[in-house]
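*Asks:* Residue numbering for the sequence shown follows the numbering used here, beginning at 3 and increasing consecutively.
We treat Cβ as the ideally placed atom computed from N, Cα and C, and that holds for glycine.
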Amino acid sequence: MTGAQSFQGRAVLVTGSVLGGGATAALEAHGLQVHYCKPYASPEDIAKLAADLQIEGLIVRQGQIDETVIAASPRLKVIAKHGTGVNNIDLEAAARQGIPVLRALGANARSVAEHTIALVIALMKDIVPLDRAVKGGEWPKSGYVGRDLAGARLGLVGFGAIGQEVATLAQGIGMSVTVFDPYTAELPQEVVRETDLDTLIATSDVVSLHCPLTKETHHLINAERLARMKPTSFIVNTARGGIIDEAALAEALRDGTIAGAGLDSFAEEPPPKDSPLWSLPNIIVTPHTGGAAKGAMRAMAETAARHVISVLDGEGPDLKSVANPTFQAAASAAR
Numbered sequence: 003m004t005g006a007q008s009f010q011g012r013a014v015l016v017t018g019s020v021l022g023g024g025a026t027a028a029l030e031a032h033g034l035q036v037h038y039c040k041p042y043a044s045p046e047d048i049a050k051l052a053a054d055l056q057i058e059g060l061i062v063r064q065g066q067i068d069e070t071v072i073a074a075s076p077r078l079k080v081i082a083k084h085g086t087g088v089n090n091i092d093l094e095a096a097a098r099q100g101i102p103v104l105r106a107l108g109a110n111a112r113s114v115a116e117h118t119i120a121l122v123i124a125l126m127k128d129i130v131p132l133d134r135a136v137k138g139g140e141w142p143k144s145g146y147v148g149r150d151l152a153g154a155r156l157g158l159v160g161f162g163a164i165g166q167e168v169a170t171l172a173q174g175i176g177m178s179v180t181v182f183d184p185y186t187a188e189l190p191q192e193v194v195r196e197t198d199l200d201t202l203i204a205t206s207d208v209v210s211l212h213c214p215l216t217k218e219t220h221h222l223i224n225a226e227r228l229a230r231m232k233p234t235s236f237i238v239n240t241a242r243g244g245i246i247d248e249a250a251l252a253e254a255l256r257d258g259t260i261a262g263a264g265l266d267s268f269a270e271e272p273p274p275k276d277s278p279l280w281s282l283p284n285i286i287v288t289p290h291t292g293g294a295a296k297g298a299m300r301a302m303a304e305t306a307a308r309h310v311i312s313v314l315d316g317e318g319p320d321l322k323s324v325a326n327p328t329f330q331a332a333a334s335a336a337r
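Right, dumping it as structure tokens:
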């Protein structure tokens, strides 16, 4: 980690690896020095570094940002997420300190959507098991009958920027798209709305999750809802791991309740090496890299940098990107 001895001037701490694009140059052009801590550093380590550096801005990639981190530097004025998911940041603790938490809305939407469709295709076309069979000396061509993507029903849980991109890509390969999202007022004409989540789950060939992780969505996909899915159906999660009850998912995959799953996020990251999911042949996993394409990394970094610069230069936060709107009330009370 960067030591306190190197601190001079106004500091911004990044929890993770080097920022992409022109983000670092933009921050430095505004008189801000950029420091890094290792990916997935503990809150205690992040807090110590934040206190030593007396940071004014925090750009969050990996790691838990709890109240200890947020209170570590009295000079901290802004927290920017390198992405859109803020479940690893204590929003209320930031609000109590009058600190806005800002998201890089839409910056990685296309990248995550492409990753989602890649998982959907790999699952429905049996890419991984066929690959293993051929490499193992088998040639299952004569008895294999695959699935059609065209006409298959994709059920999206959540229709924000990523869900919308997924819908566009899915329709491009002939899938029909149904959406459950009580917070979206209007849908494209070719997208069908389903007002009951259980119905969407029971009637989709693939269920894909694109909602935030909140108290309401924690274990939204549990044993009961997995049991409602068709035994020929798949579930894909490129959102947040806690949305799925992973123990229930492992059981559903083992018992054949559903045909398979594709996961890019986990309740614990990195996940435990002895997870029961690893022994199952009908699951594809990736290490939360859906938004890690070059374009997305550049856009997320540059957006996060702009958020930090805007607040520290006195222009204020971009209100539509604020994840903790109650910070304004907290700031007023503090004055």
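Please classify D257 as buried or exposed, where buried requires at least 16 neighbouring CB atoms within 10 angstroms.
*Replies:* Exposed, by the Cβ-count rule.
*Asks:* Per DSSP, what kind of secondary structure is G297 in: helix, strand or coil?
*Replies:* Helix, per DSSP.
*Asks:* Using C-beta distances below 6 Å, list every residue in its chain close to I175, excluding the 5 sequence neighbours before and after it, in chain order.
*Replies:* So the list reads L151, once near-sequence residues are dropped.
*Asks:* What separation, rounded to the nearest whole angstrom, lies between the Cα atoms of A295 and R98?
*Replies:* C-alpha separation (whole angstroms): 35 Å.
*Asks:* For I246 and L202, what's the separation of their Cα atoms in angstroms?
*Replies:* Looking at the two C-alpha atoms, the distance is approximately 16 Å.
*Asks:* Under the assumption that Q35 contacts R63 (Cβ atoms under 8 Å), give the Cβ distance between them as a whole number of angstroms.
*Replies:* Not confirmed; about 18 Å, so no contact.
*Asks:* My guess is that S44 and Q56 are in contact by the Cβ rule of under 8 Å, so how many angstroms apart are they, rounded?
*Replies:* Not really, about 20 Å apart at Cβ, beyond 8 Å.
*Asks:* Would you mind sorting L321 into buried or exposed? The rule is 16 or more other CB atoms within 10 Å of its CB.
*Replies:* Per the 10 Å Cβ criterion, exposed.
*Asks:* What are the boundary residues of the alpha helix (DSSP H) that includes K137?
*Replies:* Residues I129 to K137.
*Asks:* Identify, in the order they occur along the chain, each residue of the same chain with its Cβ nearer than 7 Å to the Cβ of A261, setting aside the five sequence neighbours on each side.
*Replies:* Contacts found: P233, T234, S235, F236 and N284.
*Asks:* State the DSSP-derived secondary structure class of S323, mapped to helix, strand or coil.
*Replies:* Three-state result, S323: helix.
*Asks:* Report the three-state DSSP secondary structure of R195 (helix, strand or coil).
*Replies:* The answer is strand: DSSP assigns R195 an E or B state.
*Asks:* On the DSSP bridge list, what partners appear for L265?
*Replies:* Per DSSP, N239 and V287.
*Asks:* Note the first and the last residue of the continuous beta strand (DSSP E) segment covering Q35.
*Replies:* Taken as a continuous stretch (DSSP letters only), the beta strand (DSSP E) holding Q35 covers L34 to C39.
*Asks:* According to DSSP, simplified to helix, strand and coil, what is L1?
*Replies:* Nothing can be reported for residue 1: it is not among the residues displayed for the chain, which extend from 3 to 337.
*Asks:* Secondary structure at V14, three-state DSSP: helix, strand or coil?
*Replies:* Strand.
*Asks:* Going by beta-carbon coordinates alone, are L104 and P319 separated by less than 8 Å?
*Replies:* Result yes, Cβ atoms of L104 and P319 sit closer than 8 Å.
*Asks:* Between the C-alpha atoms of M231 and H37, what's the straight-line distance to the nearest angstrom?
*Replies:* So the alpha carbons of these two residues sit roughly 47 Å apart.
*Asks:* Here's a check: name, in chain order, each residue in its chain whose Cβ is nearer than 6 Å to the Cβ of G22, leaving out the five neighbours to either side.
*Replies:* Excluding residues within five positions, the ones whose Cβ falls inside 6 Å are M299, R300 and A303.
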